[in-house]
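In case it helps, UniProt numbering puts the sequence shown at residues 1 to 594. Written out below as structure tokens is the structure these notes cover.
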Amino acid sequence: MATLHPEPVLGITQSLTGQPWHWRGAEGDRRQADLEPDDLVALLLLSRGVPRDDLDRYRAPTIRGFMPDPSIFRDMDSAADRLAQAVIAREKVTIYGDYDVDGATSAALLIRLLRDLGLDAGAYIPDRLMEGYGPSGAALTSLAEAGSTLIVTVDCGAMAYEALQMAHDVGVDVVVVDHHKCAAELPRAFALVNPNRLDEDDEAAAHGHLAAVGVAFLLGAALVRTLRARGYFASRSEPALMELLDLVALGTVADVAQLKGLNRAFVAQGLKIMARRRNIGMAALIDVSRLTRAPVCSDLGFALGPRINAGGRVGAADLGVRLLTTQDEAEASDIAAQLSRLNEERRAIEAMVQEEAEALLAGQHNRAVALLAGQGWHAGVIGIVAGRIKERTGKPSLVIALDDKGIGKGSGRSIPGVDLGAAIIAAKDAGLLVAGGGHAMAAGLTINADKIDRFSEFLEEHLAARVAAASGAARLLVDALVAPRGLTPDLIDRMESAGPYGMGWPAPRLATGPVRIVRCDVVSTTHVRAIAAGDDGASFKAMAFRSVDTPLGQALLGAPRDRRFWLAGRVKIDNWNGNHAAEMHVDDLAAVDL
Numbered sequence: 001m002a003t004l005h006p007e008p009v010l011g012i013t014q015s016l017t018g019q020p021w022h023w024r025g026a027e028g029d030r031r032q033a034d035l036e037p038d039d040l041v042a043l044l045l046l047s048r049g050v051p052r053d054d055l056d057r058y059r060a061p062t063i064r065g066f067m068p069d070p071s072i073f074r075d076m077d078s079a080a081d082r083l084a085q086a087v088i089a090r091e092k093v094t095i096y097g098d099y100d101v102d103g104a105t106s107a108a109l110l111i112r113l114l115r116d117l118g119l120d121a122g123a124y125i126p127d128r129l130m131e132g133y134g135p136s137g138a139a140l141t142s143l144a145e146a147g148s149t150l151i152v153t154v155d156c157g158a159m160a161y162e163a164l165q166m167a168h169d170v171g172v173d174v175v176v177v178d179h180h181k182c183a184a185e186l187p188r189a190f191a192l193v194n195p196n197r198l199d200e201d202d203e204a205a206a207h208g209h210l211a212a213v214g215v216a217f218l219l220g221a222a223l224v225r226t227l228r229a230r231g232y233f234a235s236r237s238e239p240a241l242m243e244l245l246d247l248v249a250l251g252t253v254a255d256v257a258q259l260k261g262l263n264r265a266f267v268a269q270g271l272k273i274m275a276r277r278r279n280i281g282m283a284a285l286i287d288v289s290r291l292t293r294a295p296v297c298s299d300l301g302f303a304l305g306p307r308i309n310a311g312g313r314v315g316a317a318d319l320g321v322r323l324l325t326t327q328d329e330a331e332a333s334d335i336a337a338q339l340s341r342l343n344e345e346r347r348a349i350e351a352m353v354q355e356e357a358e359a360l361l362a363g364q365h366n367r368a369v370a371l372l373a374g375q376g377w378h379a380g381v382i383g384i385v386a387g388r389i390k391e392r393t394g395k396p397s398l399v400i401a402l403d404d405k406g407i408g409k410g411s412g413r414s415i416p417g418v419d420l421g422a423a424i425i426a427a428k429d430a431g432l433l434v435a436g437g438g439h440a441m442a443a444g445l446t447i448n449a450d451k452i453d454r455f456s457e458f459l460e461e462h463l464a465a466r467v468a469a470a471s472g473a474a475r476l477l478v479d480a481l482v483a484p485r486g487l488t489p490d491l492i493d494r495m496e497s498a499g500p501y502g503m504g505w506p507a508p509r510l511a512t513g514p515v516r517i518v519r520c521d522v523v524s525t526t527h528v529r530a531i532a533a534g535d536d537g538a539s540f541k542a543m544a545f546r547s548v549d550t551p552l553g554q555a556l557l558g559a560p561r562d563r564r565f566w567l568a569g570r571v572k573i574d575n576w577n578g579n580h581a582a583e584m585h586v587d588d589l590a591a592v593d594l
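Next up, the structure:
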């Protein structure tokens with residue numbers, strides 16, 4: 001059973017990895033919520049900021065319960081009206097998507113919706129290496145010359161000034177559907193729908209955490225409403241917009257969007273749609289990922305998403321969109337298998353770049369931001385490597401792949417409290433970057449090699465204080481204390497009902513103990529596996545992933561068998577080899593005072 005304690009948790013002010021342990025959420029919630037001690041779901045919701053009088057809405061998040069009126073967003077009505085005109089007139093429409101999962105799912109959502117409305121829209125996904133991020137003027141004008149009268153960019157376009165001006169000059173309308181940070185001056189477009197526009201009011205800006213696929217869904221809802229008002233459905237049925245929520249869920253989780261508010265409803269309901277397997281391509285993707293059960297939230301980020309991404313990283317950029325829009329089972333099976341093979345290839349390339357980047361990292365000292373650049377690195381994996389470096393260092397990290405012409409493509413990942421996207425935009429405004437933009441937690445850029453050193457100094461000047469403040473405030477947040485015997489599949493099932501969990505809605509972290517580490521070894525060269533035995537007679541498996549050469553891994557491997565510890569981590573169900581037991585994915589440990 002979960003029990004409540006004042007902070008710090010178990011009196012731990014410094015763990016064996018140097019962190020204090022604190023309760024997640026306000027202490028007041030624990031004293032004043034009038035909860036039963038075992039009402040763990042309510043505790044988890046409260047500690048993530050849910051008001052007590054709104055617990056029921058968050059226990060079972062629905063689209064109706066969280067959906068805003070799409071018209072609150074600037075240009076939404078104009079965008080829906082222009083799309084409605086295209087549907088009625090059967091214009092030639094092209095959906096121009098980014099090459100990642102958010103772009104693929106956004107494009108697939110609009111293509112499938114327009115198909116259900118009687119309009120076959122085309123798709124254009126730029127090649128990551130040859131064309132780079134975002135719409136290019138050459139591509140937009142080429143699409144116009146081929147007959148497209150309306151182009152909808154999804155997950156890109158918010159900063160595409162030159163490209164959109166070129167499109168305007170050749171007379172093609174462009175609707176931008178994006179969620180990346182915007183500058184004060186917007187590019188020239190027929191409509192630009194983005195909750196992160198600086199001129200949005202508070203009601204719309206509150207949805208700035210949406211992924212592009214979520215914004216595309218809202219545009220879809222506005223389009224259906226507009227067509228309904230024009231009598232378009234007098235002789236035909238309305239499309240089943242809710243059936244597209246599996247795409248919204250996949251894009252939202254894979255883009256690491258915060259799972260709060262509407263995003264929680266998107267993912268919770270989208271997983272239900274996904275389980276019905278009505279999207280032929282999605283079903284093939286699930287099968288090739290070797291999932292024998294209905295997908296859960298973590299599968300979207302670790303199994304399905306990487307395979308869709310593999311097409312844009314190391315293969316044909318449009319494979320993801322083709323898979324998610326096909327109506328042919330054989331084609332779906334073939335594309336899914338191809339994406340799975342490409343994902344294996346991506347892993348090998350990633351491992352090579354990771355090794356070289358870590359070698360460079362060893363030579364950096366006293367830098368607030370890790371910035372690593374390498375000749376010949378594959379631009380398709382640098383975002384993943386940046387994420388690994390960030391995890392390893394606890395610092396914002398950027399990885400830049402340099403080509404033989406002295407041009408670098410970079411990708412960055414940040415830490416909570418440090419807005420990397422804003423810093424990238426500021427660096428572009430200062431003339432240090434050819435292009436750049438992104439979110440608070442992730443950003444991309446293009447840079448000339450001779451400006452990398454100046455760019456690194458710029459980041460140090462702008463972010464060092466913020467990184468120090470964020471690092472100084474670092475602490476391990478714990479949701480509940482559970483005895484070793486209480487770590488059961490039933491407990492995990494109960495905690496799952498407070499999900500879905502992800503960015504902005506962290507999975508529960510439990511503390512347990514006292515335990516002894518009775519066995520410990522290294523698995524797959526990088527992971528540490530242990531068997532922990534509690535004073536209450538219960539034992540369980542504990543895993544510390546990618547920890548062999550970290551303080552956590554070394555502490556576990558060197559733990560004396562007669563020493564007692566508190567462990568903190570996430571608890572998952574281990575189904576390996578027919579097993580069905582709880583195991584802990586350890587984040588930290590602290591010695592029990594003797």
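A virtual CB, placed ideally from N, CA and C, is assigned to each residue, including glycine. Note that this is a predicted model, so its numbers are computed, not measured.
CA-to-CA distance, residue j to residue i, given in whole angstroms
| i | j | result |
| --- | --- | --- |
| alanine 265 | alanine 211 | 13 Å |
| tyrosine 58 | aspartate 299 | 22 Å |
| alanine 464 | alanine 368 | 5 Å |
| isoleucine 63 | leucine 110 | 18 Å |
| serine 15 | leucine 420 | 29 Å |
| glutamine 364 | isoleucine 286 | 41 Å |
| arginine 388 | arginine 561 | 32 Å |
| valine 467 | valine 478 | 23 Å |
| tyrosine 124 | isoleucine 151 | 10 Å |
| alanine 359 | threonine 550 | 16 Å |
| residue 595 | methionine 503 | The requested residue 595 is not part of the displayed model; the chain covers only 1 to 594. |
| valine 418 | leucine 402 | 26 Å |
| glycine 394 | serine 547 | 14 Å |
| methionine 67 | serine 471 | 36 Å |
| arginine 392 | aspartate 98 | 28 Å |
| histidine 179 | arginine 276 | 29 Å |
| aspartate 155 | glutamate 131 | 15 Å |
| aspartate 521 | tryptophan 566 | 19 Å |
| residue 618 | arginine 341 | The chain is shown only over 1 to 594; residue 618 falls outside these bounds and no answer can be derived. |
| lysine 451 | leucine 361 | 19 Å |
| glycine 11 | glutamate 203 | 41 Å |
With 16 other Cβ atoms within 10 Å as the buried cut-off, status of residue i
| i | result |
| --- | --- |
| lysine 405 | exposed |
| lysine 474 | Reading the sequence as shown, one finds alanine at residue 474 and not lysine. Alanine 474 should be labelled exposed. |
| arginine 516 | buried |
| tryptophan 576 | exposed |
| glycine 270 | buried |
| valine 213 | buried |
| alanine 330 | exposed |
| glutamate 583 | buried |
| glycine 558 | exposed |
| glycine 157 | buried |
| aspartate 490 | exposed |
| alanine 530 | buried |
| asparagine 579 | exposed |
| proline 51 | exposed |
| methionine 274 | buried |
| alanine 146 | exposed |
Paired residues, beta bridge with residue i - DSSP
| i | result |
| --- | --- |
| valine 177 | Val154, Val193 |
| leucine 398 | Leu371, Gly412 |
| aspartate 588 | Ala568 |
| glutamate 583 | Lys541, Lys572 |
| histidine 527 | Val523 |
| glycine 406 | In the DSSP output, where bridge partners are listed per residue, glycine 406 has none listed. |
| tyrosine 161 | DSSP output for tyrosine 161 lists no bridge partner at all. |
| tryptophan 505 | Gly502 |
| tyrosine 232 | Looking at the DSSP assignment, tyrosine 232 forms no beta bridge with any residue, so it has no partner. |
| threonine 105 | DSSP lists no partner for threonine 105. |
| alanine 511 | Leu481, Ala568 |
Cutoff 8 Å: residue i Cβ touching any chain C Cβ
| i | result |
| --- | --- |
| alanine 351 | Note that chain C does not occur in the displayed structure, where there is just one protein chain. |
- Message: Under 8 Å, with one C-beta from each stretch per pair, do the stretch 217-227 and the stretch 101-121 reach the 3-pair mark?
- Response: In this structure the stretch 217-227 touches the stretch 101-121; the number of beta carbon pairs closer than 8 Å is three or more.
- Task: Run through the stretch 111-144 for me and flag every whole beta strand (DSSP E) of 3 or more residues, listed as ranges in chain order.
- Result: Here the runs fully enclosed are 122-124.
- Any chance the stretch 437-455 sits against the stretch 393-409, with 3 or more Cβ pairs inside 8 Å? Verdict: yes, contact present.
- Query: Can you list the alpha helix (DSSP H) stretches of 4 or more residues lying completely in the stretch 34-87, in chain order?
  - Reply: Listed in chain order, they are 40-47, 55-59, 63-66.
- Task: Entirely within the stretch 254-296 and at least 3 residues each: give me those beta strand (DSSP E) ranges in chain order.
- Result: Those beta strand (DSSP E) runs which fall completely within the stretch 254-296 and span 3+ residues do not exist here.
- Message: Just to confirm the assignment: which complete alpha helix (DSSP H) runs, minimum length 4, are found wholly within the stretch 426-499?
- Response: Taking only runs of at least 4 residues, the alpha helix (DSSP H) segments lying wholly in the stretch 426-499 are 452-472, 489-496.
- Where in the stretch 311-384 do unbroken runs of the alpha helix (DSSP H), each at least 4 residues long, occur, reported from the N-terminal end onward? Restricting attention to alpha helix (DSSP H) runs no shorter than 4 residues, the stretch 311-384 encloses them at 319-325, 329-361, ordered along the chain.
- Count the CB pairs spanning the stretch 242-256 and the stretch 184-203 that are closer than 8 Å, and state whether there are at least three. Segments in contact, no.
- Item | Touching by the beta-carbon criterion (3+ pairs, under 8 Å), the stretch 295-314 and the stretch 371-388 | With a cut-off of 8 Å, the stretch 371-388 and the stretch 295-314 count as touching, because enough Cβ pairs lie within range.
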